[in-house]
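Novice:
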Amino acid sequence: MQSSTILFSEMTPQPAWEGEFNDWYDREHIPVRMACPGFSSAQRYRASSGASYLAVYEMGSPADLKTPEYTRVKGEPSDLSRRMLGGVSGFTRYICNQIEWRSRADLASDPLDAPVLFAVFFEVPAARRTAFDEWYSNEQLPRLMQSPDWWLARRFEVVDGDPGRWTHLTVHYLADRRALESADRAAARAGPGRARLAQEDWFRPEYLTFTRLGPRQRGQRTAG
1379 MQSSTILFSE MTPQPAWEGE FNDWYDREHI PVRMACPGFS SAQRYRASSG ASYLAVYEMG
1439 SPADLKTPEY TRVKGEPSDL SRRMLGGVSG FTRYICNQIE WRSRADLASD PLDAPVLFAV
1499 FFEVPAARRT AFDEWYSNEQ LPRLMQSPDW WLARRFEVVD GDPGRWTHLT VHYLADRRAL
1559 ESADRAAARA GPGRARLAQE DWFRPEYLTF TRLGPRQRGQ RTAG
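Here the sequence shown stands for residues 1379 to 1602, where the numbers follow this note's numbering.
Have a look at this one:
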């Protein structure tokens, strides 16, 4: 199931009310968004290290975050939502438009439901975006997809973000964390295109790894 836009958002609850936070997120925070037009699904994750939680929302376009329904959700939170959101730390929020989808052809299940999510953020100067795109599409992804545990890679342009440093995000969906230590990933990282770009000052990606948490929640309706 492909969508055109994702909302990628992290936050870290206080340890004393982590259980309450998870219950609220599953029972209120996501469901009220799934009732808004354009939201097709949402999946939660927990960081592999640290106490951060991630939610990835699948949408039709960034315009789905400007509908009257979503505006009410954001502007009129419940008392519980106000308390929960007021007490979290490490908050990030990125709206991203998909520019490439690369999945294995031999999968029997939806690759979006992979157990592990590996996210890579980049800050790419405008003058280097063509070279960056050519490297990623023509060298990096073909080598990564040789790994049987590499189910899906999705490339995005960040259209709005907080903190606002990053311009590009790649989200990899993996069957197992061992894919990150595989010979196929090592070959991708040793490629000549990456070696050239890695010499440039801007090439400082940030890597985040998450484990899938609970079932995917589905939207109740779509826009239009």
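We put the CB at the ideal spot given by N, CA and C, even for glycine.
Might you give, ordered along the chain, the residues of its own chain that have their beta carbon closer than 7 Å to the beta carbon of residue 1537, omitting 5 neighbours on each side?
Specialist: Around residue 1537: 1440, 1473, 1474, 1475.
Novice: Take the Cβ of residue 1392 as the centre, count every other Cβ of all protein chains shown within 10 Å, and call the residue buried at 16 or more, exposed below.
Specialist: Result: exposed.
Novice: Output needed for residue 1383: all residues of its chain with C-beta closer than 6 Å, excluding positions within five of it in sequence on either side, in chain order.
Specialist: Excluding sequence neighbours, residue 1383 sits near 1437, 1439, 1440, 1475.
Novice: Along the chain, which unbroken stretches of the alpha helix (DSSP H) at least 4 residues long are found entirely within the segment 1436 to 1467?
Specialist: Listed in chain order, the complete alpha helix (DSSP H) runs (minimum 4 residues) inside the segment 1436 to 1467 are 1446 to 1453, 1457 to 1464.
Novice: Tell me whether the beta-carbon of residue 1589 lies closer than 8 Å to the beta-carbon of residue 1426.
Specialist: Contact flag set, yes.
Novice: Verify whether the separation of the beta carbon atoms of residue 1528 and residue 1552 is less than 8 Å.
Specialist: Yes, Cβ-Cβ distance for residue 1528 and residue 1552 is below 8 Å.
Novice: Restricting to Cα atoms, I'd like to know which of 1413, 1449, 1450, 1462 is closest to residue 1390.
Specialist: Per the Cα distances, 1462.
Novice: Quick check on the DSSP output: what are the complete beta strand (DSSP E) runs of length 3 or more inside the segment 1509 to 1556, in order along the chain?
Specialist: The qualifying runs are 1528 to 1540, 1546 to 1552.
Novice: Mind checking residue 1430: buried by the 16 CB within 10 Å criterion, or exposed?
Specialist: When all chains shown are included, residue 1430 counts as buried.
Novice: If the criterion is Cβ atoms closer than 8 Å, does the pair residue 1408 and residue 1598 meet it?
Specialist: Not in contact: residue 1408 and residue 1598 (Cβ atoms no closer than 8 Å).
Novice: In whole angstroms, give me the CA-to-CA distance for residue 1559 and residue 1470.
Specialist: Near 27 Å, if we compare the C-alpha coordinates of residue 1470 and residue 1559.
Novice: Secondary structure at residue 1570, three-state DSSP: helix, strand or coil?
Specialist: Three-state DSSP puts residue 1570 in a helix.
Novice: Count the other CB atoms, across all protein chains shown, that sit within 10 Å of the CB of residue 1566; report buried if there are 16 or more and exposed otherwise.
Specialist: Buried.
Novice: Assign residue 1585 to one of two classes, buried (16 or more other C-beta atoms within 10 Å of its C-beta) or exposed (fewer than that).
Specialist: Looking at its Cβ environment, which holds fewer than 16 other Cβ atoms inside 10 Å, residue 1585 is exposed.
Novice: Ordered along the chain, which non-local residues of its own chain (more than five positions away) have a Cβ less than 7 Å from that of residue 1581?
Specialist: Same-chain partners within the cutoff: 1575.
Novice: Please state the DSSP three-state secondary structure of residue 1582.
Specialist: Reduced to three states, the DSSP call for residue 1582 is coil.
Novice: According to the Cβ coordinates, are residue 1519 and residue 1534 closer than 8 Å?
Specialist: Not closer than 8 Å, so no.
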